[in-house]
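Chains as they are written, first to last, in the numbering used here: chain A, 7 to 398; chain B, 7 to 398.
Number of protein chains: 2
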Amino acid sequence: MSVTAAQGFVAAGGAIGIKPAGAADLAVVATSDGRAVPAAGVFTDNLAAAAPVVVSREHLRTSAGHAAAVVATSGNANAATGDPGVHAARRLCAIVGEGIGAAAHHVLVCQTGLIGVPFPSEVLGGVGDIVAARAGHEDAGRAAARAIMTTDTVVKEAVAYVEAEGARCTVGGMAKGAAMLAPRMATMLAVLTTDARAEPAVLHEVLAAAVGSSFNAMSVDGCTSTNDTVLLLASGAAGPVDADRLSAAVGDVCRSLAEQMVADAEGATKVARIEVTGAASDAEAHAAARKVADSLLVKCSLNGADPYWGRVVSELGSAGVTFRLERTSVRYGGIEVCARGVAAPHDAEALAVHMAGRVVEISCDLGVGTGTGAVLSTDLGHGYIDENRTTS
Amino acid sequence: MSVTAAQGFVAAGGAIGIKPAGAADLAVVATSDGRAVPAAGVFTDNLAAAAPVVVSREHLRTSAGHAAAVVATSGNANAATGDPGVHAARRLCAIVGEGIGAAAHHVLVCQTGLIGVPFPSEVLGGVGDIVAARAGHEDAGRAAARAIMTTDTVVKEAVAYVEAEGARCTVGGMAKGAAMLAPRMATMLAVLTTDARAEPAVLHEVLAAAVGSSFNAMSVDGCTSTNDTVLLLASGAAGPVDADRLSAAVGDVCRSLAEQMVADAEGATKVARIEVTGAASDAEAHAAARKVADSLLVKCSLNGADPYWGRVVSELGSAGVTFRLERTSVRYGGIEVCARGVAAPHDAEALAVHMAGRVVEISCDLGVGTGTGAVLSTDLGHGYIDENRTTS
Numbered sequence: 007m008s009v010t011a012a013q014g015f016v017a018a019g020g021a022i023g024i025k026p027a028g029a030a031d032l033a034v035v036a037t038s039d040g041r042a043v044p045a046a047g048v049f050t051d052n053l054a055a056a057a058p059v060v061v062s063r064e065h066l067r068t069s070a071g072h073a074a075a076v077v078a079t080s081g082n083a084n085a086a087t088g089d090p091g092v093h094a095a096r097r098l099c100a101i102v103g104e105g106i107g108a109a110a111h112h113v114l115v116c117q118t119g120l121i122g123v124p125f126p127s128e129v130l131g132g133v134g135d136i137v138a139a140r141a142g143h144e145d146a147g148r149a150a151a152r153a154i155m156t157t158d159t160v161v162k163e164a165v166a167y168v169e170a171e172g173a174r175c176t177v178g179g180m181a182k183g184a185a186m187l188a189p190r191m192a193t194m195l196a197v198l199t200t201d202a203r204a205e206p207a208v209l210h211e212v213l214a215a216a217v218g219s220s221f222n223a224m225s226v227d228g229c230t231s232t233n234d235t236v237l238l239l240a241s242g243a244a245g246p247v248d249a250d251r252l253s254a255a256v257g258d259v260c261r262s263l264a265e266q267m268v269a270d271a272e273g274a275t276k277v278a279r280i281e282v283t284g285a286a287s288d289a290e291a292h293a294a295a296r297k298v299a300d301s302l303l304v305k306c307s308l309n310g311a312d313p314y315w316g317r318v319v320s321e322l323g324s325a326g327v328t329f330r331l332e333r334t335s336v337r338y339g340g341i342e343v344c345a346r347g348v349a350a351p352h353d354a355e356a357l358a359v360h361m362a363g364r365v366v367e368i369s370c371d372l373g374v375g376t377g378t379g380a381v382l383s384t385d386l387g388h389g390y391i392d393e394n395r396t397t398s
Numbered sequence: 007m008s009v010t011a012a013q014g015f016v017a018a019g020g021a022i023g024i025k026p027a028g029a030a031d032l033a034v035v036a037t038s039d040g041r042a043v044p045a046a047g048v049f050t051d052n053l054a055a056a057a058p059v060v061v062s063r064e065h066l067r068t069s070a071g072h073a074a075a076v077v078a079t080s081g082n083a084n085a086a087t088g089d090p091g092v093h094a095a096r097r098l099c100a101i102v103g104e105g106i107g108a109a110a111h112h113v114l115v116c117q118t119g120l121i122g123v124p125f126p127s128e129v130l131g132g133v134g135d136i137v138a139a140r141a142g143h144e145d146a147g148r149a150a151a152r153a154i155m156t157t158d159t160v161v162k163e164a165v166a167y168v169e170a171e172g173a174r175c176t177v178g179g180m181a182k183g184a185a186m187l188a189p190r191m192a193t194m195l196a197v198l199t200t201d202a203r204a205e206p207a208v209l210h211e212v213l214a215a216a217v218g219s220s221f222n223a224m225s226v227d228g229c230t231s232t233n234d235t236v237l238l239l240a241s242g243a244a245g246p247v248d249a250d251r252l253s254a255a256v257g258d259v260c261r262s263l264a265e266q267m268v269a270d271a272e273g274a275t276k277v278a279r280i281e282v283t284g285a286a287s288d289a290e291a292h293a294a295a296r297k298v299a300d301s302l303l304v305k306c307s308l309n310g311a312d313p314y315w316g317r318v319v320s321e322l323g324s325a326g327v328t329f330r331l332e333r334t335s336v337r338y339g340g341i342e343v344c345a346r347g348v349a350a351p352h353d354a355e356a357l358a359v360h361m362a363g364r365v366v367e368i369s370c371d372l373g374v375g376t377g378t379g380a381v382l383s384t385d386l387g388h389g390y391i392d393e394n395r396t397t398s
């Protein structure tokens, strides 16, 4: 129930030999008839953007926001690979385009894996067979979702529906990502499809808003990858849909995928939701929540189930936002541990129960305004280090 | 050879019961005769500043930059402790002032330990005896340096001399700090003394410059503490000294203490020096070096002795500075691994030898200007997590 859930899309996944030992490493999502449909993309703002990011941006420009397919590979990021890397990404698009009967510039590409390793172009011979095997059933979508996994331990898929006036429109998506920028194989990629009918400009607006409240509101290690890409294609098969309703459904899919990513983050034993209220603005609330979420010391405390709110207050005080210690309060799972900047009496047993759980809620009120924001995060455990200390 | 190396200073260290089991937790550094002398301080810019920071700033203002003593405690940060915390810090100053025959506002105070735990004022009864035991010999300085340690595994002391026209002036210092070392200083305390004669304004300028090139150019975990304090007292016993020479000596002491802190950072097995050249400005070079230094993924690679330069390039590309991948090169220990944005052929054996060492040098050239900057950092190992996951 992911990229093939919406009408008008087919998918496939398989192995072309980027990864060793025949592991799945190539996914294709395409329109059923090979026709280019409205599409939108949101990409990393890393200035060391990978070749597939360069090529996908270029194709969306050339096509004025239309695409017939997305090809995604795992096992090599094709980043910091110079002109040969860009050439390989273009060839990948051309081969897929040929397979489905579309122009190369109607194919978008995303890739994930090690940075700085030349892309092994000799594997491209295997792409055609996988494209030819594309199908519209659920297993085909699952195969595509599996082929983009790197250090992920579970497949990530989501679907949401818009019901209106007897008609139903579907939004489906798949994603990979287990750290913002993973170890041996990197990045977060997400591909969404919908059968709603919508113009490229509307799609882009809907997608950008959804990314802002989902993927951009989580933090595993504060690193921004060279390859992050979120794509949305709209077949139009289900007819027009109210933009607000479409926006809600796309947001639901993105948030579900983001939560699955955080839950699967490398070495994580806990998911933390950091909420900031009472900030001078929403932007300040978000910045403060992110400062707490990114803090190594807060992450270590979470790993130890230690409700050491002093570190939270210290991060808030150095977040670059309006802050008055004597107006600040902190709650863990609704239990107030810091009131007006000092320790608050509380039920230590109830607090210990909350801290021992898989999901920890940290709510901070700054008491200086009405701004609110929230960021999903994780703890930091030995597993993260073990996963990331070497690429071999 | 630290805070008692310069003429005109005495020191003492001992236990008053903040820490359990009679561990040393109070240090005093004072002028030999209890007279207030020119003094300067540089403090954290965390808006959740601890009570001792509030009180020391206030005392330096009241005294127009003069102090007769510094009292430092470890085991409780006296941060997020409200008015009772400020009151306790003031009482500490008053008791020490009484012991040496100085006004309370001529005593500066710094404290380190857990945030948010009420300061146990009942221990203040033990302060007088330690103050009474102050002495000018080397062991007294060492006892003071030992009493400010928290998670430090070694005492941190440094001394530097200015020789000019037959006269000699001395700068000595002690410090504590083993984590939370970050931009704009971190949970670190440093007390410096000199027998040079200098006005408060000159001292402040000298100290601020020295902090900028030492404590503010290192990073262990990117966290900025509530308690950071660096203090400098000048007895004047050795007479006037050229300001540039004094500045050089104070800088030497600060840099030595900073290097000792980074080397002693919690859980660290390696020290990394991240250098950036060819940036659009010195400020951009420093920002880029700090982004690499703070990166969890780069730190994990260092822990695994893995020269994965892709992560370095990715951090440079998201550092918010002028960046062109095709102009970027990266060297580890002088060995070029990335040239013009792509992998460079290199001697893998020599590289492995460098990565296996205790000190790793990462040099990045951005190729867009003449700005340079450098930041000291560490790897991230299991030890850091073990040290920080619980406070109990």
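Cβ coordinates follow ideal geometry from the N, Cα and C atoms, glycine included.
This one's a predicted model, so the numbers in the text were calculated from it and none came from an experiment.
_Counterpart residues of VAL304 of chain A in DSSP-defined beta bridges_ = Along the first sequence, one-based indexing puts residue 304 of chain A at 298. Answer by DSSP bridge pairing: none, since VAL304 of chain A is not bridged.
*So, is the C-beta of VAL348 of chain A closer than 8 Å to a C-beta in chain B?*
Mapped onto the first sequence, residue 348 of chain A falls at position 342. It does: the Cβ of VAL348 of chain A has a partner Cβ on chain B nearer than 8 Å.
*Under a three-way DSSP split, which group does SER80 of chain B fall into?*
For this step, residue 80 of chain B is matched to residue 74 along the second sequence. In the structure shown, SER80 of chain B sits in a strand (DSSP, three-state: E or B).
*LYS162 of chain B (DSSP reduced to helix, strand or coil)*: The residue you call residue 162 of chain B lines up with position 156 of the second sequence. In this structure, LYS162 of chain B counts as strand in the three-state DSSP scheme.
_Which residues in chain B have a C-beta closer than 7 Å to the C-beta of GLY323 of chain A? List them in chain order._
As a working mapping, residue 323 of chain A is identified with position 317 in the first sequence. Result: ASN52, LEU53, ALA54, THR232.
*Which whole-angstrom value describes the C-beta separation of GLY316 of chain B and LEU120 of chain A, a residue pair presumed to lie in contact below a C-beta threshold of 8 Å?*
Here residue 316 of chain B is taken as the residue at index 310 of the second sequence, counted from 1. Here residue 120 of chain A is taken as the residue at index 114 of the first sequence, counted from 1. 6 Å between Cβ atoms; contact.
*With respect to the beta strand (DSSP E) encompassing GLY379 of chain A, which residues constitute its N-terminal and C-terminal limits?*
Translated into the one-based positions of the first sequence, residue 379 of chain A becomes position 373. 377-384 is the span of the beta strand (DSSP E), which, as asked, contains GLY379 of chain A.
*Cut-off 8 Å between Cβ atoms - residues of its own chain near SER219 of chain B, not counting five sequence neighbours on either side*: Residue mapping note: residue 219 of chain B aligns to position 213 of the second sequence, counting from 1. Correct list, in chain order: GLY257, CYS260, ARG261.
*Which class does HIS388 of chain A belong to by DSSP, given the choice of helix, strand or coil?*
Translated into the one-based positions of the first sequence, residue 388 of chain A becomes position 382. Reduced to three states, the DSSP call for HIS388 of chain A is helix.
*Does the beta-carbon of GLY122 of chain A have 16 or more other beta-carbons within 10 angstroms, so that it is buried, or is it exposed?*
Here residue 122 of chain A corresponds to residue number 116 of the first sequence, with the count starting at 1. Flag for GLY122 of chain A reads buried.
*Residue range of the beta strand (DSSP E) that ARG337 of chain B falls in?*
By one-based count along the second sequence, residue 337 of chain B stands at place 331. Taken as a continuous stretch (DSSP letters only), the beta strand (DSSP E) holding ARG337 of chain B covers 335-338.
*What whole-angstrom Cβ distance do LEU66 of chain A and ALA33 of chain A have, given they're in contact under 8 Å?*
Taking the first sequence and counting its residues from 1, the one referred to as residue 66 of chain A is at position 60. Taking the first sequence and counting its residues from 1, the one referred to as residue 33 of chain A is at position 27. About 19 Å; that fails the 8 Å criterion.
*asked:* Can you tell me whether HIS360 of chain A is buried or exposed? The criterion is at least 16 other CB atoms within 10 Å of its CB, across all chains shown.
replied: Residue 360 of chain A sits at position 354 when you count from the first residue of the first sequence. By the neighbour-count rule (16 or more Cβ atoms within 10 Å), HIS360 of chain A is buried.
*For GLY179 of chain A, the residue or residues it bridges with in DSSP*: If you number the first sequence from 1, residue 179 of chain A lands on position 173. Per DSSP, A:ALA164, A:LEU198.
*Could you have a look at THR396 of chain B and say whether DSSP puts it in helix, strand or coil?*
Start at 1 with the first residue of the second sequence, and residue 396 of chain B comes out as number 390. Here THR396 of chain B sits in coil by DSSP.
*With ILE391 of chain A and HIS112 of chain B assumed to form a contact (beta carbons below 8 Å), what rounded beta-carbon distance in angstroms separates them?*
Counting from one through the first sequence, the residue named residue 391 of chain A turns up at place 385. Counting from one through the second sequence, the residue named residue 112 of chain B turns up at place 106. Incorrect: roughly 48 Å between the Cβ atoms, too far for contact.
*Just to confirm, are VAL160 of chain B and ARG148 of chain B a CB contact at a threshold of 8 Å?*
Locating residue 160 of chain B in the second sequence gives position 154, where the first residue counts as 1. Locating residue 148 of chain B in the second sequence gives position 142, where the first residue counts as 1. Against a cut-off of 8 Å, the Cβ pair of ARG148 of chain B and VAL160 of chain B comes out as no contact.
_Cutting at 6 Å between CB atoms, please list the residues of its own chain near SER2 of chain B, excluding the five before and the five after it._
There is simply no residue 2 of chain B to check, as chain B begins at 7 and stops at 398 in what is shown.
*So what does DSSP say about MET224 of chain A, is it helix, strand or coil?*
Residue numbering aside, residue 224 of chain A sits at position 218 when the first sequence is read from its first letter. It is a strand residue.
*Tell me which same chain residues have a C-beta within less than 7 Å of the C-beta of LEU213 of chain B, skipping the five on either side of it?*
Your numbering for residue 213 of chain B matches position 207 in the second sequence. Excluding residues within five positions, the ones whose Cβ falls inside 7 Å are ALA46, VAL48, VAL236, LEU238, VAL256.
*Using a Cβ-Cβ cut-off of 8 Å, state whether SER307 of chain A counts as contacting chain B.*
Here residue 307 of chain A corresponds to residue number 301 of the first sequence, with the count starting at 1. For SER307 of chain A, the answer is yes, since a Cβ of chain B falls inside 8 Å of its Cβ.
*asked:* Between the region 134-147 of chain A and the region 47-61 of chain A, can you find at least three pairs of beta-carbon atoms closer than 8 Å?
replied: no
*Say whether the region 82-101 of chain B touches the region 339-357 of chain A, bearing in mind that this needs 3 or more beta-carbon pairs closer than 8 Å, one atom from each stretch.*
yes
*asked:* On the CB-based measure, 16 or more other CB atoms within 10 Å of its CB, does ALA12 of chain B come out buried or exposed?
replied: Translated into the one-based positions of the second sequence, residue 12 of chain B becomes position 6. Answer is buried; the Cβ neighbour count reaches 16.
*Looking at the C-beta of MET191 of chain B, does it have a partner C-beta in chain A at a distance below 8 Å?*
Here residue 191 of chain B corresponds to residue number 185 of the second sequence, with the count starting at 1. In this prediction, MET191 of chain B scores a pLDDT of 36, lower than 50, which makes its location untrustworthy; no coordinate-derived value is stated.
*Those residues which DSSP pairs with PRO44 of chain B across a bridge*: Within the second sequence, residue 44 of chain B is the residue found at index 38, counting from 1. BP columns for PRO44 of chain B point to B:HIS72.
*With a cut-off of 8 Å, do at least 3 Cβ pairs link the region 331-340 of chain A to the region 68-79 of chain B?*
no
*asked:* Let me check one thing: in DSSP terms, what residues is LEU238 of chain A bridge-paired to?
replied: By one-based count along the first sequence, residue 238 of chain A stands at place 232. A:ALA46, A:LEU198, per the DSSP bridge assignment.
_Beta-carbon gap between ALA264 of chain B and ASP385 of chain B smaller than 8 Å_ = On the second sequence, residue 264 of chain B is found 258 positions in, with the first residue counted as 1. On the second sequence, residue 385 of chain B is found 379 positions in, with the first residue counted as 1. Not a contact, by the Cβ cut-off of 8 Å.
*Looking only at its own chain, which residues have a Cβ that is under 6 Å from the Cβ of GLU367 of chain B, when we skip the five neighbours before and after it?*
Here residue 367 of chain B refers to the residue found at position 361 when the second sequence is read from its first residue. Excluding residues within five positions, the ones whose Cβ falls inside 6 Å are ARG279, GLY339.
*Could you give the DSSP three-state label for ILE341 of chain B: helix, strand or coil?*
Sequence index remark: in the second sequence, residue 341 of chain B carries index 335 (1-based). Strand, per DSSP.
*Among residues of its own chain, excluding the 5 on either side of VAL247 of chain A, which ones have a beta-carbon nearer than 6 Å to its beta-carbon?*
Along the first sequence, one-based indexing puts residue 247 of chain A at 241. Within the same chain, VAL247 of chain A has close Cβ partners VAL168, CYS175, ALA202.
*Give me the Cα-Cα distance between ALA78 of chain B and GLU321 of chain B, rounded to the nearest whole angstrom.*
Within the second sequence, the letter at position 72 stands for residue 78 of chain B. Within the second sequence, the letter at position 315 stands for residue 321 of chain B. Their backbone Cα atoms lie some 38 Å apart in a straight line.
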